[in-house]
Amino acid sequence: MHCHACPVLMGCSSGRLKTFGPKIEPFGVVLQYWIGGSPCMVANLWDVTDKDIDRFTETFLRHWVPKLGSKDHIPDITTAVRLARKSCKLQYLVGAAPVVYGLPVQSKSAPSV
Numbered sequence: 001m002h003c004h005a006c007p008v009l010m011g012c013s014s015g016r017l018k019t020f021g022p023k024i025e026p027f028g029v030v031l032q033y034w035i036g037g038s039p040c041m042v043a044n045l046w047d048v049t050d051k052d053i054d055r056f057t058e059t060f061l062r063h064w065v066p067k068l069g070s071k072d073h074i075p076d077i078t079t080a081v082r083l084a085r086k087s088c089k090l091q092y093l094v095g096a097a098p099v100v101y102g103l104p105v106q107s108k109s110a111p112s113v
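Residues in the sequence shown are numbered consecutively from 1, following the UniProt record's numbering.
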């Protein structure tokens, strides 16, 4: 099975890797998505406030998910995350929490039927 999905995990600390000892590799949800075949994911490194991360998520999805006739579509996931950080009131606290794990992917609109 090959997965092409790019999960967007907006929960608190959803991208944090946990360590269980000095000689054991870190473990986290994002690594499970990689094992499952996801090429890329967006997740938060630490706890965030709900209103600010809601603003971030809305702005990120508005930029990254293509719409027919949308002029503000940004296909590069890393650029969409960077621009969405500016929508947070606490840019250096909440805006810096979301990171992109994996390969920088590009979104594209579905073929017309």
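Positions of the beta carbon are idealized from the N, C-alpha and C atoms, including for glycine.
On a Cα-Cα basis, can you pick out the residue from the options that is closest to residue i?
i, options, result
"Val48", "Val99, Pro26, Lys71 and Gln32", "Val99"
"Ala5", "Ala97, Trp46, Val42 and Lys71", "Val42"
"Asn44", "Ala84, Leu9, Gln91 and Arg82", "Leu9"
"Lys67", "Arg16, Leu90, Glu58 and Lys108", "Lys108"
Span of the alpha helix (DSSP H) holding residue i?
i, result
"Asp100", "The identity of residue 100 in the sequence shown is Val, whereas the question assumes Asp. No alpha helix (DSSP H) contains Val100, which is instead part of the beta strand (DSSP E) from Pro98 to Gly102."
"Leu83", "Ile77 to Arg85"
"Gln32", "Val29 to Gly36"
"Asp52", "Asp50 to Trp64"
Let's see if you can read the secondary structure: which residues bound the beta strand (DSSP E) around residue i?
i, result
"Val42", "Cys40 to Asn44"
With residue i and residue j assumed to form a contact (beta carbons below 8 Å), what rounded beta-carbon distance in angstroms separates them?
i, j, result
"Cys40", "Gly102", "4 Å"
"Val105", "Ile53", "About 21 Å separates the two Cβ atoms, so there is no contact after all."
Compute the Euclidean distance between the alpha carbons of residue i and residue j, then round it to the nearest angstrom.
i, j, result
"Thr19", "Trp46", "15 Å"
"Ala84", "Arg55", "8 Å"
"Cys88", "Ile24", "36 Å"
"Trp34", "Lys71", "32 Å"
"Gly21", "Ala96", "27 Å"
"Thr37", "Pro7", "Note that residue 37 corresponds to Gly in the displayed sequence, not to Thr. Approximately 11 Å between the Cα atoms of the pair."
"Lys51", "Glu58", "11 Å"
"Tyr92", "Ser14", "18 Å"
"Arg16", "Leu90", "20 Å"
Does residue i get closer than 9 Å to chain C when you measure Cβ to Cβ?
i, result
"Gln32", "Protein chains in the displayed structure number just one, and chain C is not present."
May I ask you to check if the CB of residue i is nearer than 8 Å to at least one heavy atom of the ligand COA?
i, result
"Phe60", "In the structure shown, the ligand COA is absent, as is every other ligand, since no ligand is present at all."
Task: Three CB pairs or more closer than 8 Å across the region 74 to 86 and the region 24 to 36 - done: no
Open item on the list: With three or more beta-carbon pairs closer than 8 Å as the criterion, would you say the region 77 to 86 touches the region 51 to 67?
Closed with: In short, these stretches touch, since the Cβ pair count reaches three.
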